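These notes are about the structure you will find just below.
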Amino acid sequence: MQHILDAILAASDDPRSIASEDFANLEIPESYRAVTVHKDEVDMFEGLASKDKDPRRSLHVEDVALPELGPGEAYVAVMASAINYNTVWTSIFEPVSTFGFLERYGRMSELTKRHDLPYHVVGSDLSGVVLRTGPGVTRWQPGTEVVAHCLSVELEDPDGHDDTMLDPQQRIWGFETNFGGLAHIALVKANQLMPKPAHLTWEEAASPGLVNCTAYRQLVSKNGGAMKQGDNVLIWGASGGLGGFATQYALNGGATPVCVVSNEEKAQIARSMGAELIINRSEEGYRFWKDEHTQDPQEWKRFGARIRELTGGEDIDIVFEHPGRETFGASVYVTRKGGTITTCASTSGYMHEYDNRYLWMNLKKIISSHFANYRESWEANRLIAKGKIHPTLSRTYSLDEVGQAALDVHHNKHQGKVGVLCLAPEEGLGVRDHELRARHETAINRFRGV
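The sequence shown begins at 18 in the numbering used here and counts up one residue at a time.
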């Protein structure tokens, strides 16, 4: 891979492409370095509580064989990637082992059999450079700097042609497919590719991907919350990976975010983004569950009263929900009559409980949201590229440190997004538009050093 890295590092400052006319002729090795989990280790954490399952034991950094390049696909030299909760779930084999996904995908066709292997190359974010494209790819040329969104679709069924997220064969790349982004080379469908924002480093450009697109659909898109100017938006985990983007979208779109955070450090991050209405859960001591089986409606009411105190008596129009079980009852309660709870992820548990009287009698809506379609992803990336929305990168690890990076996310020791250098030898490389970067330097670095 060294000759490929040398070609990338020797590139000019042309923001459109780093390709020489000979870039397509670079030799691609038969194997590459990647982060994997192993099929024969899926029971390694049996009997342990989730919090005690250690990704450092299950994530391996090793050489794997280069998969065959198929029609409509591309090899990308990965300069940087990032950690998402789906990598944590993969590494601790919860709620199910991802090898079941790979087995089912492998049964579809001769080509998809490539994905059904005794190892799974993980990772659902990347920034890098196109190395090769398969038959039928015309938009993307070798040498082009790109980022990738994680939606993998086949689109052979009619269902996905209005919204590709409804394709029966919709999968999340690097989670429900193999050959993900925590590697030196990734295999992607060409319709996952988008232009790399020219003012960002490799690690900054890789970090928004999954969470930025997810937040855009969940809050802004007509397929999610359809947020409008003046809306009061309750954002759980407002300085985290998802919440940090939701807060930016609310402020950018003329809404009023009510930011829920867990400590003063995170509250300061929310304020630095421009948010004014902050609820520090630790200071105010909300306990929505009396015990493992019983919620406390009095705490919902206390929470709702605090929201109205901050908003001047108004209730919440849209709840940006992703913690799940711990917070869902409160989210349904505090939403205004006719309002919307948009939900994804459920990082605190998938089995949600709420009092249906507050939903049904007040005509509230629960909208499920899962990642984003290509158009939504493109729009979200375009806003990053224009400097309207900024990455939330707080720390970057090397590929060999990926187990520790995943552990930090698993135990919520991180702020914003955690990046991973793949081929990039150090942080700070890959900036093409220095003028745009200079205008937004403070915002780009907002989550660092906290």
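C-beta atoms are modelled at their ideal positions from N, C-alpha and C, and glycine is treated no differently. Here the structure is a predicted model, which is why all the values come from computation and not from measurement.
Item, Value
"Is I383 a contact residue of the ligand FAD, with contact defined as CB to any heavy atom under 8 Å?", "Among the components modelled here there is no ligand, and therefore nothing to report on the ligand FAD."
"What's the gap between the Cα of I252 and the Cα of Q19?", "44 Å"
"Less than 6 Å between C-beta atoms, sequence neighbours within five positions excluded: which residues of the same chain meet that for A441?", "M96, A97, W219"
"Ordered along the chain, which non-local residues of its own chain (more than five positions away) have a Cβ less than 8 Å from that of W157?", "A91, V147, T150, V163, A207, L210"
"Would you identify the three-state DSSP class for K318, choosing helix, strand or coil?", "helix"
"Can you look up L168 in the DSSP assignment and give me helix, strand or coil?", "strand"
"Going by beta-carbon coordinates alone, are L134 and N42 separated by less than 9 Å?", "no"
"If we call anything under 9 Å between Cβ atoms a contact, is P72 one with S108?", "yes"
"Whether or not the region 384-397 and the region 54-66 are in contact is what I'm after, with contact meaning three or more pairs of Cβ atoms, one per stretch, closer than 8 Å; do they touch?", "no"
"So, at 7 Å on beta carbons, what are the nonlocal neighbours of P32 in its own chain, with the 5 sequence-adjacent residues on each side left out?", "For P32, the predicted structure reports a pLDDT of 45, less than 50, and the residue's modelled location is therefore unreliable. A value from the coordinates is still provided. So the list reads A215, R449, D450, once near-sequence residues are dropped."
"By Cβ distance, which residues of its chain are closer than 7 Å to R353, with the 5 residues on each side in sequence left out?", "D332, I333, D334"
"Going by the CB atoms, is the gap between G433 and T409 shorter than 9 Å?", "yes"
"Assign R131 to one of two classes, buried (16 or more other C-beta atoms within 10 Å of its C-beta) or exposed (fewer than that).", "buried"
"Buried or exposed: M368, going by 16 or more other Cβ atoms within 10 Å of its Cβ?", "exposed"
"Quick one: what's got a C-beta closer than 8 Å to R325's C-beta in the same chain, skipping five residues either side?", "E331, D332"
"One question on the structure: do F262 and A232 come within less than 9 Å of each other, judged by their Cβ atoms?", "yes"
"Return the CA-CA distance between I21 and A94, expressed in angstroms with no decimal places.", "8 Å"
"Ignoring anything shorter than 3 residues or poking outside the region 245-301, list the beta strand (DSSP E) runs there in chain order.", "249-253, 273-278, 294-297"
"For G87, which of G366, V78, E127 has the nearest alpha-carbon?", "E127"
"Please report the straight-line C-alpha distance between D308 and I461, rounded to a whole angstrom.", "41 Å"
"Going by alpha carbons, who is nearest to L143 out of H310, G226, H457, F320?", "G226"
"With C-beta atoms as the reference, is V419 less than 9 Å away from V105?", "no"
"Alpha carbons only, please: which of E458, D23, S394, F345 is nearest the one belonging to R234?", "S394"
"Looking at the secondary structure, which residues open and close the alpha helix (DSSP H) in which H20 lies?", "19-26"
"If I'm right that Y136 touches K56 with Cβ under 8 Å, what's the distance once you round it to whole angstroms?", "7 Å"
"Kindly indicate which residue of Y303, A223, L380, A255 has the alpha-carbon position closest to the one of L446.", "A223"
"In terms of alpha-carbon separation, which member of R288, G329, N429, L199 lies closest to G436?", "L199"
"Assign V81 to buried or exposed, taking buried as 16 or more other Cβ atoms, counted over all protein chains shown, within 10 Å of its Cβ.", "buried"
"Looking at the structure shown, is G145 part of a helix, part of a strand, or coil, going by DSSP?", "strand"
"Would you tell me roughly how many angstroms separate the C-alpha atoms of G355 and E293, rounded to the nearest one?", "25 Å"
"Measuring only the C-alpha atoms, how far is A51 from P112?", "23 Å"
"Does DSSP classify W306 as helix, strand or coil?", "strand"
"Measure the alpha-carbon distance for Y391 versus V59 and round it to whole angstroms.", "32 Å"
"What three-state label does DSSP hand E47 in the structure shown?", "coil"
"Do the region 268-278 and the region 293-303 meet, that is, are 3 or more Cβ pairs less than 8 Å apart?", "yes"
"Considering only DSSP beta bridges, list what Y136 is partnered with.", "H55"
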